[in-house]
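Peer 1: Have a look at the structure that comes next, please.
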Amino acid sequence: MARATSRKARIGWTVAAWLVALLIFFPILYTIITSLKTEQEAIAGFDLIPSFTLESFQTVQSQNNYFRPFTNSVILAVGSTLLALIVAIPAAWAMAFSPTKRTKDILMWMLSTKMMPAVAVLVPIYLIFLRTGLMDTRIGLTVLLMLINLPIVIWMLYTYFREIPGEILEAARMDGATLRDEILYVLTPMAIPGIASTLLLNIILAWNEAFWTIQLTTTNAAPLSAFIASFSSPQGLFWAKLSAASVMAIAPILVLGWFSQKQLVRGLTFGAVK
Amino acid sequence: MATRQTQGLARLMRAPAIILLFVWMIVPLCMTLYYSFLNYNLLNPGMTSWAGWFNYQYFYTDPAFFEAIRNTLVLVLGVLLITVVGGIAIAMLIDKPIWGQGVVRILVISPFFVMPPVAALIWKNMIMHPSYGVLADVARFLGTSPVDWFAQYPLTSIILIVAWQWLPFATLILLTSLQSLDTEQMEAAEMDGAPAYARFLYLVLPHMARAITVVILIQTIFLLGIYAEILVTTNGGPGTASTNLTFLIYRAARLNFDIGGAAAGGIIAVVLANLIAIFLMRAVGKNLD
Numbered sequence: 481m482a483r484a485t486s487r488k489a490r491i492g493w494t495v496a497a498w499l500v501a502l503l504i505f506f507p508i509l510y511t512i513i514t515s516l517k518t519e520q521e522a523i524a525g526f527d528l529i530p531s532f533t534l535e536s537f538q539t540v541q542s543q544n545n546y547f548r549p550f551t552n553s554v555i556l557a558v559g560s561t562l563l564a565l566i567v568a569i570p571a572a573w574a575m576a577f578s579p580t581k582r583t584k585d586i587l588m589w590m591l592s593t594k595m596m597p598a599v600a601v602l603v604p605i606y607l608i609f610l611r612t613g614l615m616d617t618r619i620g621l622t623v624l625l626m627l628i629n630l631p632i633v634i635w636m637l638y639t640y641f642r643e644i645p646g647e648i649l650e651a652a653r654m655d656g657a658t659l660r661d662e663i664l665y666v667l668t669p670m671a672i673p674g675i676a677s678t679l680l681l682n683i684i685l686a687w688n689e690a691f692w693t694i695q696l697t698t699t700n701a702a703p704l705s706a707f708i709a710s711f712s713s714p715q716g717l718f719w720a721k722l723s724a725a726s727v728m729a730i731a732p733i734l735v736l737g738w739f740s741q742k743q744l745v746r747g748l749t750f751g752a753v754k
Numbered sequence: 292m293a294t295r296q297t298q299g300l301a302r303l304m305r306a307p308a309i310i311l312l313f314v315w316m317i318v319p320l321c322m323t324l325y326y327s328f329l330n331y332n333l334l335n336p337g338m339t340s341w342a343g344w345f346n347y348q349y350f351y352t353d354p355a356f357f358e359a360i361r362n363t364l365v366l367v368l369g370v371l372l373i374t375v376v377g378g379i380a381i382a383m384l385i386d387k388p389i390w391g392q393g394v395v396r397i398l399v400i401s402p403f404f405v406m407p408p409v410a411a412l413i414w415k416n417m418i419m420h421p422s423y424g425v426l427a428d429v430a431r432f433l434g435t436s437p438v439d440w441f442a443q444y445p446l447t448s449i450i451l452i453v454a455w456q457w458l459p460f461a462t463l464i465l466l467t468s469l470q471s472l473d474t475e476q477m478e479a480a481e482m483d484g485a486p487a488y489a490r491f492l493y494l495v496l497p498h499m500a501r502a503i504t505v506v507i508l509i510q511t512i513f514l515l516g517i518y519a520e521i522l523v524t525t526n527g528g529p530g531t532a533s534t535n536l537t538f539l540i541y542r543a544a545r546l547n548f549d550i551g552g553a554a555a556g557g558i559i560a561v562v563l564a565n566l567i568a569i570f571l572m573r574a575v576g577k578n579l580d
């Protein structure tokens with residue numbers, strides 16, 4: 481708001497906003513701090529100054545082979561997103577540029593598949609994975625995550641593509657552009673930002689998925705979400721180690737998330753709030 | 292643009308996505324429906340037989356089932372209440388002319404990017420632990436005795452954790468909506484002497500109505516399926532005090548190996564989700580154009 485505000489009021493609002501923000505961020509901050517403590521320090525009571533040791537990070541890697549779930553997370557998140565884009569880009573493109581009477585119905589139906597609770601298909605998916613040898617494999621989980629997020633990917637791409645103005649194509653055609661030129665030099669550059677934000681948001685969603693990853697993996701294909709969940713009981717009070725594993729699991733996605741917060745609103749509200 | 296040729300091409304481009312989603316929706320659902328009428332236990336697969344409505348009756352007469360339904364609703368409504376009310380308040384606070392708005396935004400949105408098992412473990416251990424957690428430290432500092440959160444208030448604890456995860460989402464969407472509010476209108480109302488509460492009630496709130504609807508809709512979809520937060524904190528207990536429908540079905544399928552029973556529970560979950568969806572989809576449908 482561009483209204484003139486007194487300096488005093490501004491200071492007041494700033495202090496209040498920062499207090500609320502720090503309170504909300506505190507659990508993450510405290511995890512980062514704890515990851516830099518020794519195990520003794522970690523349970524020694526409230527203390528915001530760690531001894532800045534990287535011991536816990538090393539322990540997580542050497543004891544639990546952290547690298548494996550991390551690689552699995554990257555493969556699952558990136559793989560499922562790329563697969564989804566391959567299927568979704570043509571579909572969203574077609575629906576945005578040559579819509580039919582049923583396009584809106586099809587989009588609503590796609591959205592409705594997201595309403596199906598995951599647990600409703602737990603039994604068949606579990607049995608299929610068990611019998612076909614897909615259990616605890618990266619390929620099985622990649623395809624599954626792709627199917628889960630496909631409706632969101634199509635919706636996001638559709639809302640972006642729909643904003644590319646049709647007149648620009650006509651202008652290009654008047655200037656003698658062929659269909660190939662149109663796609664390559666006019667549409668693609670305009671579509672790339674939308675595709676990039678869809679990619680980013682979907683990687684975040686796939687990275688954080690924690691129902692199917694826990695159900696369908698044991699050790700071989702377990703990504704970070706399943707790996708961390710297995711920390712719940714045996715690790716007990718090894719908080720520095722737990723924190724180190726947590727920090728490594730959330731850091732990449734936290735940074736990606738900060739970059740994509742604007743697209744997040746659009747993407748997750750299916751374009752209803754911009 | 293819509294010549295016959297491009298229409299044919301468009302159909303070809305749409306087909307893979309539609310077929311994939313259709314198969315993904317129909318095949319497992321039909322299998323669940325089929326299994327729900329079988330006596331089928333993975334520990335005893337040779338004894339599989341037709342069960343009729345037995346699995347549904349079994350669910351219907353199980354007291355844990357009603358508690359799970361109740362817990363599911365309490366969880367969804369509790370989180371919605373905290374995130375919508377808190378989201379409106381925080382969005383309005385961030386929208387004020389403050390220094391470092393960008394950083395504040397980033398701090399507030401961060402919990403949304405924390406994966407559910409990590410969020411739950413952070414809260415379970417570092418925040419809510421009855422002897423070493425931060426809340427226990429605060430309680431001792433204030434001279435009261437620390438609360439054993441997950442033993443005494445299991446469902447409330449889970450609501451708090453999940454609300455922490457979703458508050459950023461609500462705040463971000465409501466803030467986006469708030470920032471598109473016409474400031475001239477607000478100024479005019481202020482000049483006419485409308486008090487702050489009236490401006491909020493008659494200008495801000497109606498403007499945010501659509502965003503609030505969207506927040507409720509999207510969160511409900513995700514909140515009905517809360518699972519990892521329960522698994523790593525209370526494991527559904529004590530007893531079934533923090534078991535929601537998702538967790539109950541998971542227990543039937545994976546811990547009791549009761550395929551028939553879990554499938555019947557799955558069908559019940561679909562019916563419940565659809566009842567909620569029908570009512571919510573109308574709201575989104577209106578916002579489409």
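Taken in sequence, the protein lines are chains A and B. Under my numbering, read the first sequence as residues 481 to 754, first letter to last. Under my numbering, read the second sequence as residues 292 to 580, first letter to last. The C-beta atom is built at its ideal place from N, Cα and C for all residues, glycine as well.
Enumerate in chain order the residues of its own chain whose CB-to-CB distance from isoleucine 567 (chain B) is below 8 Å, with the five nearest sequence positions on each side excluded.
Peer 2: Along the second sequence, one-based indexing puts residue 567 (chain B) at 276. These residues qualify, in order along the chain: Thr511, Leu515.
Peer 1: How many angstroms separate the CA atom of isoleucine 508 (chain A) from the CA atom of asparagine 545 (chain A)?
Peer 2: Position 28 of the first sequence holds residue 508 (chain A). Position 65 of the first sequence holds residue 545 (chain A). Near 23 Å, if we compare the C-alpha coordinates of asparagine 545 (chain A) and isoleucine 508 (chain A).
Peer 1: Please name the residue in A:Phe526, A:Thr580, A:Met575 whose C-alpha comes closest to that of alanine 427 (chain B).
Peer 2: Taking the first residue of the second sequence as position 1, residue 427 (chain B) is located at position 136. Alanine 427 (chain B) has its Cα closest to that of A:Phe526, out of A:Phe526, A:Thr580, A:Met575.
Peer 1: Quick one: any contact between the stretch 490-507 of chain B and the stretch 398-416 of chain B, if contact means 3 or more CB pairs under 8 Å?
Peer 2: Too few Cβ pairs lie closer than 8 Å, so no.
Peer 1: Among the candidates B:Leu371, B:Trp315, B:Ile449, whose CA atom is the shortest distance from the CA of tryptophan 589 (chain A)?
Peer 2: As a position in the first sequence, residue 589 (chain A) is number 109, starting the count at 1. Checking every option, the nearest Cα to that of tryptophan 589 (chain A) belongs to B:Trp315.
Peer 1: Hey, is asparagine 565 (chain B)'s beta-carbon within less than 9 Å of any beta-carbon in chain A?
Peer 2: Position 274 of the second sequence, counted from the first residue, corresponds to residue 565 (chain B). Interface residue, yes.
Peer 1: Assess contact between the stretch 547-560 of chain B and the stretch 597-604 of chain A, defined as three or more Cβ pairs (one per stretch) separated by less than 8 Å. Is contact present?
Peer 2: Cβ pair count under 8 Å is three or more, so yes.
Peer 1: If we ignore side chains and look at the alpha-carbon of each, how far apart do valine 558 (chain A) and isoleucine 675 (chain A) end up?
Peer 2: Within the first sequence, residue 558 (chain A) is the residue found at index 78, counting from 1. Within the first sequence, residue 675 (chain A) is the residue found at index 195, counting from 1. Each residue's Cα considered, the two are about 14 Å apart.
Peer 1: For isoleucine 694 (chain A) and leucine 614 (chain A), what's the separation of their Cα atoms in angstroms?
Peer 2: Translated into positions along the first sequence, residue 694 (chain A) becomes position 214. Translated into positions along the first sequence, residue 614 (chain A) becomes position 134. One C-alpha to the other measures close to 14 Å.
Peer 1: Hey, quick one: how far does the alpha helix (DSSP H) through glutamate 650 (chain A) stretch, first residue to last?
Peer 2: For the purposes of this step, residue 650 (chain A) is identified with residue 170 of the first sequence, where counting begins at 1. Its alpha helix (DSSP H) spans residues 647-654.
Peer 1: For tryptophan 498 (chain A) and phenylalanine 404 (chain B), what's the separation of their Cα atoms in angstroms?
Peer 2: Along the first sequence, one-based indexing puts residue 498 (chain A) at 18. Along the second sequence, one-based indexing puts residue 404 (chain B) at 113. Cα to Cα, tryptophan 498 (chain A) sits roughly 20 Å from phenylalanine 404 (chain B).
Peer 1: Using Cβ-Cβ distances below 8 Å, what residues of the stretch 319-339 of chain B are close to chain A?
Peer 2: Result list: Pro319, Leu320, Met322, Thr323, Tyr326.
Peer 1: Going straight from the alpha carbon of leucine 534 (chain A) to that of leucine 680 (chain A), what length do you get?
Peer 2: Position 54 of the first sequence, counted from the first residue, corresponds to residue 534 (chain A). Position 200 of the first sequence, counted from the first residue, corresponds to residue 680 (chain A). Distance between the alpha carbons of leucine 534 (chain A) and leucine 680 (chain A): 30 Å.
Peer 1: Counting only beta-carbon atoms, is tryptophan 738 (chain A) nearer than 9 Å to chain B?
Peer 2: Taking the first residue of the first sequence as position 1, residue 738 (chain A) is located at position 258. At least one chain B Cβ lies under 9 Å of tryptophan 738 (chain A).
Peer 1: Measuring alpha carbon to alpha carbon, tell me which of B:Met383, B:Ile452, B:Ile540 ends up nearest methionine 406 (chain B).
Peer 2: Counting from 1 along the second sequence, the entry for residue 406 (chain B) is found at position 115. Answer by Cα proximity: B:Ile452.
Peer 1: Would you report the Cα separation of tyrosine 640 (chain A) and arginine 361 (chain B), rounded to the nearest angstrom?
Peer 2: The residue you call residue 640 (chain A) lines up with position 160 of the first sequence. The residue you call residue 361 (chain B) lines up with position 70 of the second sequence. The straight-line gap from Cα to Cα measures roughly 40 Å.
Peer 1: The alpha helix (DSSP H) with tryptophan 498 (chain A) in it runs from where to where?
Peer 2: Locating residue 498 (chain A) in the first sequence gives position 18, counting from the first residue. Start and end: 487-515.
Peer 1: Count the C-beta pairs between the stretch 373-387 of chain B and the stretch 453-468 of chain B that are closer than 8 Å, then say yes if the count reaches three, no if not.
Peer 2: Yes, they touch.
Peer 1: If you drop the 5 nearest sequence neighbours on each side, which residues of the same chain put their C-beta closer than 7 Å to that of methionine 292 (chain B)?
Peer 2: Residue mapping note: residue 292 (chain B) aligns to position 1 of the second sequence, counting from 1. With a pLDDT of 48 at methionine 292 (chain B), under the threshold of 50, the modelled position of this residue cannot be trusted, and the question is left open.
Peer 1: Can a CB atom of chain A be found closer than 9 Å to the CB of glutamine 298 (chain B)?
Peer 2: Residue numbering aside, residue 298 (chain B) sits at position 7 when the second sequence is read from its first letter. For glutamine 298 (chain B), the answer is yes, since a Cβ of chain A falls inside 9 Å of its Cβ.
Peer 1: At 8 Å on the CB atoms, spell out the chain A contacts of methionine 304 (chain B), in chain order.
Peer 2: In the second sequence, the residue the question calls residue 304 (chain B) occupies position 13. Pro570, Ala571, Trp573, Ala574, listed in chain order.
Peer 1: Let me know the beta strand (DSSP E) ranges lying completely inside the stretch 550-624 of chain A, each 3 residues or longer, listed in chain order.
Peer 2: Whole beta strand (DSSP E) segments, 3+ residues: zero.
Peer 1: Measure the beta-carbon distance from leucine 704 (chain A) to phenylalanine 550 (chain A) and round it to whole angstroms, keeping in mind my assumption that it falls under 8 Å.
Peer 2: Reading the first sequence from its first residue, position 224 is the one you call residue 704 (chain A). Reading the first sequence from its first residue, position 70 is the one you call residue 550 (chain A). Yes, they are in contact, since the Cβ atoms of leucine 704 (chain A) and phenylalanine 550 (chain A) sit about 6 Å apart, within 8 Å.
Peer 1: List the residues of chain A whose Cβ lies closer than 7 Å to the Cβ of proline 408 (chain B), in chain order.
Peer 2: Working through the second sequence from its first residue, we reach residue 408 (chain B) at position 117. The answer, in chain order, is Ala690, Ser705, Ile708, Ala709.
Peer 1: Could you name the residues of chain A that serine 401 (chain B) contacts, counting a contact when the two beta carbons are closer than 7 Å?
Peer 2: Position 110 of the second sequence, counted from the first residue, corresponds to residue 401 (chain B). Going along chain A in sequence order, the residues near serine 401 (chain B) (Cβ under 7 Å) are Phe505, Ile508, Leu734.
Peer 1: What does the alpha-carbon distance come out to for the pair lysine 584 (chain A) and isoleucine 491 (chain A)?
Peer 2: The residue given as residue 584 (chain A) occupies position 104 in the first sequence. The residue given as residue 491 (chain A) occupies position 11 in the first sequence. Rounded to whole angstroms, lysine 584 (chain A) to isoleucine 491 (chain A) spans 48 Å at the Cα level.
Peer 1: Considering only the beta carbon of each residue, do aspartate 439 (chain B) and proline 421 (chain B) sit closer than 9 Å?
Peer 2: If you number the second sequence from 1, residue 439 (chain B) lands on position 148. If you number the second sequence from 1, residue 421 (chain B) lands on position 130. Against a cut-off of 9 Å, the Cβ pair of proline 421 (chain B) and aspartate 439 (chain B) comes out as a contact.
Peer 1: With a threshold of 9 Å between beta carbons, is isoleucine 529 (chain A) in contact with chain B?
Peer 2: What you label residue 529 (chain A) is simply residue 49 of the first sequence in a count that begins at 1. No, isoleucine 529 (chain A) does not count as interfacial toward chain B.
Peer 1: Considering only heavy atoms of the ligand ADP, does any lie closer than 8 Å to the CB of leucine 446 (chain B)?
Peer 2: Within the structure as shown, the ligand ADP is missing, as the structure has no ligands at all.
Peer 1: Taking its Cβ as the centre, do 16 or more other Cβ atoms sit within 10 Å of glycine 377 (chain B), making it buried, or is it exposed?
Peer 2: Indexing the second sequence from 1 puts residue 377 (chain B) at position 86. Glycine 377 (chain B) is buried by the Cβ-count criterion.
Peer 1: Taking CB distances under 9 Å as the criterion, tell me whether aspartate 428 (chain B) reaches chain A.
Peer 2: The residue given as residue 428 (chain B) occupies position 137 in the second sequence. So, interface residue.
Peer 1: Return the chain-ordered list of same chain residues with a C-beta closer than 6 Å to the C-beta of leucine 563 (chain B), the five sequence neighbours on each side being excluded.
Peer 2: The sequence position of residue 563 (chain B) within the second sequence is 272, counting from 1. Nothing meets the Cβ criterion.
Peer 1: Look at the Cβ atom of threonine 525 (chain B), then the Cβ atom of alanine 532 (chain B), and state whether they are nearer than 9 Å.
Peer 2: The residue labelled residue 525 (chain B) in the question sits at position 234 within the second sequence. The residue labelled residue 532 (chain B) in the question sits at position 241 within the second sequence. Yes, Cβ-Cβ distance for threonine 525 (chain B) and alanine 532 (chain B) is below 9 Å.
Peer 1: Which chain B residues are close to tyrosine 606 (chain A), counting only those with a beta carbon under 7 Å from its beta carbon?
Peer 2: The count along the first sequence starts at 1 and reaches residue 606 (chain A) at position 126. Those are Ala544, listed as they occur along chain B.
Peer 1: Rounded to whole angstroms, what is the Cα-Cα separation between glutamate 647 (chain A) and methionine 654 (chain A)?
Peer 2: As a first step, residue 647 (chain A) must be located in the first sequence, where it is residue number 167. As a first step, residue 654 (chain A) must be located in the first sequence, where it is residue number 174. The straight-line gap from Cα to Cα measures roughly 11 Å.
Peer 1: Find the residues of chain A that neighbour histidine 419 (chain B), judging by a C-beta separation of less than 7 Å, and give them in chain order.
Peer 2: Stepping through the second sequence from its first residue, residue 419 (chain B) is reached at position 128. In the sequence as displayed, the identity of residue 419 (chain B) is methionine instead of histidine. In chain order: nothing, as chain A lies at least about 10 Å away.
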